[in-house]
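Structure record follows, encoded as structure tokens.
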Amino acid sequence: MAKIGIFFGTDSGNTRRIAKDIATLLGPEVAAKPVNIRNASVEDLLSYDTLILGIPTYGDGQVPGLSTGNQTESWEEFLPTLKGHDFSSKTVAIYGLGNQKGYPDEFIDAVYYLYEELDICGANLIGLWPTEGYTFNKSNAIIDDQFMGLALDQDNQKDLTPERISTWINSLALA
Ligand SMILES: Cc1cc2nc3c(=O)[nH]c(=O)nc-3n(C[C@H](O)[C@H](O)[C@H](O)COP(=O)(O)O)c2cc1C
Numbered sequence: 161m162a163k164i165g166i167f168f169g170t171d172s173g174n175t176r177r178i179a180k181d182i183a184t185l186l187g188p189e190v191a192a193k194p195v196n197i198r199n200a201s202v203e204d205l206l207s208y209d210t211l212i213l214g215i216p217t218y219g220d221g222q223v224p225g226l227s228t229g230n231q232t233e234s235w236e237e238f239l240p241t242l243k244g245h246d247f248s249s250k251t252v253a254i255y256g257l258g259n260q261k262g263y264p265d266e267f268i269d270a271v272y273y274l275y276e277e278l279d280i281c282g283a284n285l286i287g288l289w290p291t292e293g294y295t296f297n298k299s300n301a302i303i304d305d306q307f308m309g310l311a312l313d314q315d316n317q318k319d320l321t322p323e324r325i326s327t328w329i330n331s332l333a334l335a
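Going by our numbering, the first residue of the sequence shown is number 161, and it counts up by one from there.
Laid out in structure tokens, this is it:
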């Protein structure tokens, strides 16, 4: 079995496409086929030692799901199921999708909520990412002057994404 599980939530498909790109970069020996979080259980996540989790931000800086107008369930519905589970043997890296021009005060905020829940569950969180190269006012997803995961903006900086993904994946040193 591949050693890295990739799970994502999405409404308009960007976060799924990035999940596929990451899986391709890592290769099938290393990464499993990405799974939509609405079709996953906590046990599915716990079956991997290493996880890469993708989350877009919806609403006004919210976790995506039915209450933010997504067409299907997503991280909003999944996050409460994490409570009480032990992720202390798990390494987790998060990537977040957002729009820094449209939502400059809530840029990739959902990454923060996912990060916090996993932190409470004891996960070893890796993959912090510099804030240089982005223009925004505020983001909850910042710790020690870095984003809590890879920040991607397909609405305004799509051309920078491939380079950002490969730099981030290499920095994780997973393969
Ligand atoms: C209704 C709506 C609300 C959004 N709210 C935010 C937000 O608060 N912060 C942010 O950074 N991006 C926000 N975005 C941008 C999305 O996160 C971005 O377009 C992302 O690429 C969508 O990912 P998906 O295609 O996987 O659903 C919003 C987009 C929409 C359509």
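Glycine included, every Cβ here is placed at the ideal spot set by N, Cα and C. These numbers were taken from a predicted model, which means no experiment stands behind them.
Inter-residue spacing [alpha-carbon to alpha-carbon] between residue i and residue j
i	j	result
tyrosine 273	isoleucine 254	11 Å
phenylalanine 267	glutamate 236	17 Å
serine 227	lysine 318	27 Å
aspartate 265	glutamine 231	24 Å
alanine 191	threonine 184	8 Å
glutamine 314	serine 299	17 Å
Residue i beta carbon near ligand 1 (any heavy atom closer than 6 Å)
i	result
tyrosine 218	yes
phenylalanine 267	yes
threonine 251	no
glutamine 231	no
threonine 170	yes
aspartate 315	yes
Distance cut-off 6 Å: residue i Cβ against heavy atoms of ligand 3
i	result
glycine 309	Ligand 3 is absent from the structure shown, which contains only ligand 1.
DSSP state of residue i mapped onto helix, strand, coil
i	result
threonine 291	coil
proline 194	coil
asparagine 330	helix
proline 240	helix
threonine 217	coil
valine 223	coil
Contacts around residue i, its chain only, beta-carbon distance under 6 Å, and the 5 residues preceding and following it disregarded
i	result
phenylalanine 296	Gln260, Pro264, Phe267
serine 248	Gly282
proline 221	Per the sequence presented here, residue 221 reads as glycine, with proline not at that position. Contacts found: Glu266, Asp269.
threonine 170	Arg176
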